[in-house]
């Protein structure tokens, strides 16, 4: 079920005009309880410059994804991380796919509590930010502070209508 849901969510993501137009995309290498991004990263790495985060102390360092052979599971949380070149040209990032434990219709996001993306996202203000999640992760309200960065769109699927693979929330879509 989760594999099908992940595939449908990512099909909606890759159809989004902002994703299609982007040359440099920041993704994340998913954990077992997240929308599965592994094949998606591989698929798009030949057409776009794909960046993945690496945990370094209290921050995320961005690295260029070059292929599965350059991934290492030496990460602090058991996340496979790229060993490739460090990427520092944040202004070149056009699209960010952001993980979360929960999202709401206003584009607010609840992370895992370490603040990695809370510190990273303000450094990339012009990038289009898409939260992707399973339907159960879409909640009525996520606690948010004035400094929290909202997503421009949340992409999920409607559990009751799997034939309609995505239901982006227009209330937080900036296009």
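In our numbering, the protein residues as written are 97 to 271.
Glycine included, every Cβ here is placed at the ideal spot set by N, Cα and C.
Predicted model, so just to flag it, every value in this text is computed and none were measured.
* Between the Cα of residue 186 and those of 114, 113 and 122, spot the shortest distance and give me the residue it belongs to. => The residue given as residue 186 occupies position 90 in the chain shown. Ranking 114, 113 and 122 by Cα distance to residue 186 puts 122 first.
* To do: With DSSP as the reference, please indicate the residues paired to residue 139 in a beta bridge.
  => For the purposes of this step, residue 139 is identified with residue 43 of the chain shown, where counting begins at 1. DSSP, once it has assigned bridges, lists no residue as partnering residue 139.
* Same chain only: Cβ atoms within 8 angstroms of residue 184, ignoring 5 sequence neighbours per side -> Here residue 184 refers to the residue found at position 88 of the chain shown. Result list for residue 184: 158, in chain order.
* residue 213 to residue 167, Cα distance in whole Å? -> Position 117 of the chain shown, counted from the start, is the residue given in the question as residue 213. Position 71 of the chain shown, counted from the start, is the residue given in the question as residue 167. Rounded to whole angstroms, residue 213 to residue 167 spans 21 angstroms at the Cα level.
* Using DSSP with H/G/I as helix, E/B as strand and the rest coil, what is residue 221? -> Taking the first residue of the chain shown as 1, we reach residue 221 at position 125. Coil at residue 221, not helix or strand.
* **The beta strand (DSSP E) enclosing residue 155, as first and last residue numbers** => Here the question's residue 155 lines up with position 59 in the chain shown. Counted as a single uninterrupted DSSP element, the beta strand (DSSP E) harbouring residue 155 occupies residues 155-160.
* Going by the beta-carbon positions, is the gap between residue 240 and residue 192 smaller than 8 angstroms? -> The residue given as residue 240 occupies position 144 in the chain shown. The residue given as residue 192 occupies position 96 in the chain shown. Taking 8 angstroms as the Cβ cut-off, residue 240 and residue 192 do not qualify as a contacting pair.
* **Collapsed DSSP secondary structure at residue 102 in the structure displayed** => Here residue 102 is taken as the residue at index 6 of the chain shown, counted from 1. Here DSSP, grouped into helix, strand and coil, assigns residue 102 to helix.
* Asked: Which whole runs of the alpha helix (DSSP H) in the segment 189-247 are 4 residues long or more, in chain order?
  -> Taking only runs of at least 4 residues, the alpha helix (DSSP H) segments lying wholly in the segment 189-247 are 212-216.
* To do: Kindly list the residues whose CB is nearer than 7 angstroms to the CB of residue 229, restricted to its own chain and excluding five residues on each side of it in sequence; keep chain order.
  => Start at 1 with the first residue of the chain shown, and residue 229 comes out as number 133. Correct list, in chain order: 131, 196, 199, 250 and 252.
* **Limits of the unbroken alpha helix (DSSP H) element including residue 113** => Stepping through the chain shown from its first residue, residue 113 is reached at position 17. Its alpha helix (DSSP H) spans residues 113-117.
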